[in-house]
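Okay, structure first, notes after.
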Amino acid sequence: MTRPKKILIADDNLGFLKALKLRLEAMGFEVIQVQDSYQALECCRRHKPDLLLLDVNMPAGSGFSVHDRVRRSEEIPDIPVVYLTGDARESVDTKAEALGAAAVIRKPTTADTIAKVIWSVLDSRNTIVKPHADAA
Amino acid sequence: MRGVHAEEVSVRSLPQSQMRSRLSRIVLVIIVFQAVAGLVMLAVVQSAWRTELDHARAVASLAASRLSGQPLVSHNTYVHATLDQIIEASDARFAVVVDEERRPIAARGIDGDTFASLHLEPAGADTQPAVVHHSPLRLLTLEAALPPTAGMKRFLLLGMPDIAGLRTLRDGLIAGVVAAAITIAGPLLFFNLRLRRWMSGLHELHTAIRRLALDCPITPVAVAGNDEIAYLSVAFNDMAGKLSANRRALLAANAQLEERVAQRTRELDEANRMLQRQNTKLAEVTETALRFTDDVAHEFRTPLTVISECASATVDGLAGPVTDAQTELLTFVMNASGELSELVDDFLDSSKLRAGTLRIERRRHSVQALLDKVWPMLERRAAKGEVRLERHVEPEAPDVFADIDKAGRTLVNLTVNAVKFSRPGDAVFVSVHRGAGPFVQFDVIDHGPGMPPEDAETLFQRFQQTSIGRESMHKGFGLGLNIVHDLVSVNLGQVWAESRPGEGSTFSFTLPQFNPVDIIDAGLDRIERASPQADVGGLIVTCGGANLQDLARRLAHAGRAFDVHIPIDAQRFVLIFGPTSDLSRWAANLRESIEPIESEPEDSFASVEVLGCWPIHQARTELRSALTTRTQHGAPAGRNEPVGSGVDT
Numbered sequence: 013m014t015r016p017k018k019i020l021i022a023d024d025n026l027g028f029l030k031a032l033k034l035r036l037e038a039m040g041f042e043v044i045q046v047q048d049s050y051q052a053l054e055c056c057r058r059h060k061p062d063l064l065l066l067d068v069n070m071p072a073g074s075g076f077s078v079h080d081r082v083r084r085s086e087e088i089p090d091i092p093v094v095y096l097t098g099d100a101r102e103s104v105d106t107k108a109e110a111l112g113a114a115a116v117i118r119k120p121t122t123a124d125t126i127a128k129v130i131w132s133v134l135d136s137r138n139t140i141v142k143p144h145a146d147a148a
Numbered sequence: 156m157r158g159v160h161a162e163e164v165s166v167r168s169l170p171q172s173q174m175r176s177r178l179s180r181i182v183l184v185i186i187v188f189q190a191v192a193g194l195v196m197l198a199v200v201q202s203a204w205r206t207e208l209d210h211a212r213a214v215a216s217l218a219a220s221r222l223s224g225q226p227l228v229s230h231n232t233y234v235h236a237t238l239d240q241i242i243e244a245s246d247a248r249f250a251v252v253v254d255e256e257r258r259p260i261a262a263r264g265i266d267g268d269t270f271a272s273l274h275l276e277p278a279g280a281d282t283q284p285a286v287v288h289h290s291p292l293r294l295l296t297l298e299a300a301l302p303p304t305a306g307m308k309r310f311l312l313l314g315m316p317d318i319a320g321l322r323t324l325r326d327g328l329i330a331g332v333v334a335a336a337i338t339i340a341g342p343l344l345f346f347n348l349r350l351r352r353w354m355s356g357l358h359e360l361h362t363a364i365r366r367l368a369l370d371c372p373i374t375p376v377a378v379a380g381n382d383e384i385a386y387l388s389v390a391f392n393d394m395a396g397k398l399s400a401n402r403r404a405l406l407a408a409n410a411q412l413e414e415r416v417a418q419r420t421r422e423l424d425e426a427n428r429m430l431q432r433q434n435t436k437l438a439e440v441t442e443t444a445l446r447f448t449d450d451v452a453h454e455f456r457t458p459l460t461v462i463s464e465c466a467s468a469t470v471d472g473l474a475g476p477v478t479d480a481q482t483e484l485l486t487f488v489m490n491a492s493g494e495l496s497e498l499v500d501d502f503l504d505s506s507k508l509r510a511g512t513l514r515i516e517r518r519r520h521s522v523q524a525l526l527d528k529v530w531p532m533l534e535r536r537a538a539k540g541e542v543r544l545e546r547h548v549e550p551e552a553p554d555v556f557a558d559i560d561k562a563g564r565t566l567v568n569l570t571v572n573a574v575k576f577s578r579p580g581d582a583v584f585v586s587v588h589r590g591a592g593p594f595v596q597f598d599v600i601d602h603g604p605g606m607p608p609e610d611a612e613t614l615f616q617r618f619q620q621t622s623i624g625r626e627s628m629h630k631g632f633g634l635g636l637n638i639v640h641d642l643v644s645v646n647l648g649q650v651w652a653e654s655r656p657g658e659g660s661t662f663s664f665t666l667p668q669f670n671p672v673d674i675i676d677a678g679l680d681r682i683e684r685a686s687p688q689a690d691v692g693g694l695i696v697t698c699g700g701a702n703l704q705d706l707a708r709r710l711a712h713a714g715r716a717f718d719v720h721i722p723i724d725a726q727r728f729v730l731i732f733g734p735t736s737d738l739s740r741w742a743a744n745l746r747e748s749i750e751p752i753e754s755e756p757e758d759s760f761a762s763v764e765v766l767g768c769w770p771i772h773q774a775r776t777e778l779r780s781a782l783t784t785r786t787q788h789g790a791p792a793g794r795n796e797p798v799g800s801g802v803d804t
């Protein structure tokens, strides 16, 4: 049996984090949850997750800054990043695309949708996935 | 009425001296003519008189010379001659020999009648020749004594023209001519004087009228005498006085009016400025309020996600065992948060529609696919209201060209509305069939309380017109129905409602069939509804296979609410946009959007062909013919569904 995929979720909303963790764990993922960017970066280095699920607006720096640092790091430069945000502005997509994000998911959403995106991103790990890939 | 300005009035001026000289000349000519005529007559009479006189004088000398040695004719001289010889010699009219009693003894005349009518008066006691003046022939009669014959004294009478009568005639003529001259010259002189006065009066009037015409101050004309000119002057003065008064009144009224207009303009300006200030303030307040509610709606998203996710995780037993009662309650929580979530979506879409930033991705979809996508949700909502939901789709209904999310939301919102107004146990029908023209029509039919037909007719107009009211709950229809109009509009369709109180309502909307030409019409219709005088631009964009959708998406990002992308085939689509006046800038923007694709490797390619920029009515024909030409040479424009031939109105 393969090792369960390790997902790091960074979101400052604890309720959402918990519910999502429960749901994703029920689907067979291993979930690491953090609530700010500092922890996110820290856990990235320590746990080397298979995928980052980042909120855009978090304490101690935005999801983009975490993404940028991860990208520049020597140990974990290739971790796919999926953004999870309630911010509907186009600028989020542009920025995410520039940083090479795998997908942008807009809140409100369901754990099922998130799981679907995670799977598709992990499945096509080495292919370029456009930021507007079907998220609905 | 046309105003008469002083400059337009032109009175021909005739100087007084000129008029006077002209009149004097006429009088002079009359007098001269009269004098000449009199002189000629006098000359004629004089010459006649002189001729006759000369002639009479000649008679005696002629008779003397011709009859010398003959019995005497003149005083104391006797000449022998016959009467005929005497007449011939003297050129007399007749010759008569009379006795002492003046009884004719012998007579000879040119005309027997002349002689017969001669009346001779008895001679006096002496035998001196006498002049008979009473001849009816008005002839001068010369009488001469003849030598007595047989003791009887004889006299010769010669009939000559009457010189004395001629003289009388001459005198009479002279008198007549003089009298006529006096008769004519007198009145003429008088008339001339009168005329001079009239002319001077007229001239004065003329000057006054000129002044009047040129808006100079009016001075009264001097009135002299009691004639027509005087009357005219009085009338003129009267009129001028009134005119002057009127003019003064008019000027005063004008000034007053101008003052009033200025006053009103000032007031209006002030009111305008106030309105503008209020308007700006109101717009600011509205903007703030909308932005605030927008932000609030955004802020709702995260907690809503938390609520529904936590509830659903709990219901699914991920946090430990749950009882049935807990499950039921948690389901309520999930449903409520789901509804709230939809509301937030509606709200945010509505604000994006308003700002024209809603992302549109119109593609070809089958009706079944569209219904299948939303049907589970519709059934869920119907079940909650204990309403039966039925669908009926016309077999072989053509594919539609639409943004499936927006079309789905339209259907959901209309159905939710229908469920809301249905009683438990009622049925709501969703029916799909070909509509008028190249459209597919979706009907959502309920059996609720309905509404007056006029309300149904104006329902969506009101939503359309009141952008503020759009956010407020309208007659309990809710936000969902409010944005239906806009959702249908971005899908190039139309929406309307039909209803009767007590008989339920039918809400219908249309989506264009998938056919490029008809879609162009629908797109142009939408632009025309928003801006009837608009110019529309058209471009054909071609790009490599897999990049087409990506490019379309990029263009959609860069585009505006009214742009329509219409796929022609796997590699090409038409892009129409308006209102615009700057096609070249647009084409440049497009090429910029295309550049990243062109820089991608190998099979990627893209190009922009500018079709043109036209007024809407012309754009229909131009785009249609451009498309027909392109599709004839390229791949077929669509599948072979029969499409309505009519242009959508």
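Protein chains in written order, with the working numbering: chain A, 13 to 148; chain B, 156 to 804.
Even glycine gets a Cβ: it sits at the ideal position worked out from N, Cα and C.
Note that this is a predicted model, so its numbers are computed, not measured.
B:Lys397 sits exposed, since fewer than 16 C-beta atoms from the chains shown fall within 10 Å of its C-beta.
In this structure the region 327-342 of chain B lies against the region 192-202 of chain B, because at least three pairs of beta carbons, one per stretch, are closer than 8 Å. At a cut-off of 7 Å between beta carbons, B:Leu473 contacts chain A. Rounded to whole angstroms, B:Thr661 and B:Arg684 show a C-alpha spacing of 24 Å. Residue pairing for A:Ala22: DSSP places it in a beta bridge opposite A:Val46 and A:Leu66. Within the region 437-459 of chain B, the residues whose Cβ lies closer than 7 Å to any Cβ of chain A are, in chain order, His453, Arg456, Thr457 and Leu459.
Per the coordinates, the alpha-carbon of B:Asn347 lies some 33 Å from the alpha-carbon of B:Val200. B:Arg519 sits in a strand when the DSSP states are folded into three classes. Assignment of beta-bridge partners to B:Gln596 by DSSP yields B:His588 and B:Thr665.
Distance from the Cα of B:Ser506 is smallest, within the candidate group B:Leu459, B:Glu442 and B:Leu566, for B:Glu442. Residue contact with chain A for B:Glu464: present (Cβ-Cβ distance below 7 Å to some residue of chain A).
DSSP places A:Ile117 in no alpha helix (DSSP H) but in the uninterrupted beta strand (DSSP E) bounded by Ala115 to Arg118.
Apart from the 5 residues on each side of it in sequence, B:Leu614 sits with its Cβ closer than 6 Å to the Cβ of Ala652 in its chain, given in chain order. Within chain B, the residues placing a beta-carbon under 9 Å from that of A:Ala100 are His453, Arg456, Leu503 and Lys507, ordered along the chain. The contact set of B:Ser496 on chain A, defined by CB atoms closer than 7 Å, consists of Pro120 in chain order.
Rounded to whole angstroms, B:Glu658 and B:Gly605 show a C-alpha spacing of 6 Å. For A:Phe28, the neighbours in chain B by C-beta distance under 9 Å run, in chain order, Thr457, Pro458, Thr460, Val461, Glu464 and Cys465. Distance from the CA of B:Arg419 to the CA of B:Leu430, rounded to the nearest whole angstrom, comes to 16 Å. Rounded to whole angstroms, B:Val696 and B:Thr478 show a C-alpha spacing of 60 Å. For A:Ala31, the nearest CB of chain B lies under 7 Å from its own CB, placing it at the interface with that chain. In this structure A:Gly98 is buried. Its beta-carbon is surrounded by 16 or more other beta-carbon atoms within 10 angstroms.
When secondary structure is reduced to three states using DSSP, B:Pro550 falls in the coil class, being assigned neither helix nor strand. For A:Arg35, the chain B residues whose Cβ falls inside 9 Å of its Cβ are Glu464, Ser467, Ala468, Asp471 and Leu473, in order along the chain.
When only Cα atoms are considered, B:Phe345 and B:Leu197 end up about 27 Å apart.
Between A:Met70 and A:Ser103, the C-beta gap is not smaller than 7 Å, which leaves the two residues out of contact. For A:Asn25, at least one C-beta of chain B is nearer than 7 Å to its own C-beta. Taken through DSSP and simplified to helix, strand or coil, B:Ala652 comes out as strand. B:Val595 sits away from B:Val639, with the two beta carbons spaced by 7 Å or more. Within chain B, the C-beta atoms nearer than 7 Å to that of A:Ala123 come from Glu464, in chain order. Contact between B:Cys768 and B:Leu730 does not hold, since their C-beta atoms are separated by about 12 Å, which reaches or exceeds 8 Å. Three or more Cβ pairs closer than 8 Å define a contact, and the region 558-570 of chain B meets that threshold against the region 513-528 of chain B. Put simply, of B:Leu406, B:Phe728, B:Ile771 and B:His772 the residue whose alpha carbon is nearest the alpha carbon of B:Leu782 is B:Phe728. Secondary-structure assignment with DSSP links B:Trp769 through a beta bridge to B:Val691. Contact annotation, B:Ala582 with B:Glu545: C-beta distance approximately 6 Å; criterion of less than 8 Å satisfied. For the pair of segments examined, the region 25-34 of chain A was found to touch the region 456-469 of chain B: the number of CB pairs separated by less than 8 Å reaches three.
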